[in-house]
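Everything below concerns the one structure shown next.
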Amino acid sequence: MYDIRQTRLGDEHPEVANSLVNIGAVLASAGHYDLAEPLLRRGIASKQRSLGDEHPDVATDMSGLADLLHRKGDIAAAESLYREVLKRQRRLLPQWHSRTATTLLGLGTVLVARNAPAEAEPLLREALAIERRVLPAGDRRVADAERALGQCLVRLGRDRDAEPLLVASFTSLAAARGAHDRRTIDSRQQIVELYERLGRESDAARYRGMP
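When we follow my numbering, the leftmost residue of the sequence shown carries the number 361, and every step to the right adds one.
Right under this line is the structure:
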């Protein structure tokens, strides 16, 4: 399909750029980061030329590239790109926009990964506030934001503040993805470890024994 569109429409057409970005996203989700990155970069560059550098879709695709860089382990490059995207989105999008929340979540997660949880906390709180405002309760994206903020608070040594966030996230993930999904299992294990640190063995055992 991409080859047909490229031949019919030319490299600079937005549909061709969308195809490049979409193929790159699929490859990234499958873990083929080295194949995905050049396609994402080509798609972004094409959109910058055809739509303009200030178009919101360009910022969205740049956020996707930042996520890929994070997953590749290039924390410094991911952080730099997320910061650039966030500046653009604050300028181009309404205050309570889910795309901005996605970027805030990504940047906050990167900061936690490089051991800067205190800097990450306000960004993750803002991301969660946006997601709770624009999405229904129990939505997977709300759960992801709750889990990220909970993990950040754990890194800050604030287990009791993290508890309700991690429990809410686990409940939503289990309902949406099932008990055997990797994210659900990881979320449950984090709760078990939290209760073990707090000396609440009966609570830890309750989550440990879940199917």
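Here a beta-carbon is modelled for each residue, glycine too, at the ideal position from N, C-alpha and C.
- In three-state DSSP terms, what is A504? Before going on, a small fix: residue 504 reads as Asp here, not Ala. D504: helix per DSSP, three-state reduction.
- Beta-carbon proximity check, L446 vs A437, cutoff 8 Å: no
- For the stretch 444-511, which segments carrying the alpha helix (DSSP H) assignment without a break, of at least 4 residues, lie completely within its bounds, in sequence order? 458-473, 477-494
- Task: Mark I455 as exposed unless 16 or more other C-beta atoms lie within 10 angstroms of its C-beta, in which case mark it buried.
- Result: A small correction: the amino acid at residue 455 is Gln; Ile does not occupy that position in the sequence shown. Exposed, since its Cβ has fewer than 16 Cβ neighbours within 10 Å.
- Task: Look at the Cβ atom of L380, then the Cβ atom of L387, and state whether they are nearer than 8 Å.
- Result: no
- Query: So which of A528, A535, R451 has the shortest CA-CA distance to H415?
  - Reply: R451
- Message: So, for A528: in the same chain, excluding its five sequence neighbours on each side, which residues have a beta-carbon less than 6 Å away from its beta-carbon?
- Response: E506
- Task: Mark Q511 as exposed unless 16 or more other C-beta atoms lie within 10 angstroms of its C-beta, in which case mark it buried.
- Result: buried
- Item | For S562 and L441, the rounded distance between their alpha carbons | 44 Å
- Query: For S410, which of D434, A390, A377 has the nearest alpha-carbon?
  - Reply: A377
- Message: Taking its Cβ as the centre, do 16 or more other Cβ atoms sit within 10 Å of Q549, making it buried, or is it exposed?
- Response: exposed
- Hey, how far is the Cα of R492 from the Cα of L399? 33 Å
- Message: Suppose contacts are defined by Cβ-Cβ distances below 8 Å. Is G424 in contact with A385 by that definition?
- Response: yes
- Near A503, which residues of its chain fall below 6 Å by C-beta distance, leaving aside the five closest residues on each side in sequence? S529, S532, L533
- Query: Are the CB atoms of I404 and V418 nearer to each other than 8 Å?
  - Reply: yes
- Per-residue burial, M570 [other beta carbons within 10 Å of its own, 16 or more giving buried]: exposed
- Under the three-state reduction of DSSP, which class applies to H430: helix, strand or coil? helix
- Message: Looking at the secondary structure, which residues open and close the alpha helix (DSSP H) in which G403 lies?
- Response: 393-411
- Task: Would you kindly check if the distance between the Cβ of S547 and the Cβ of L525 is under 8 Å?
- Result: no
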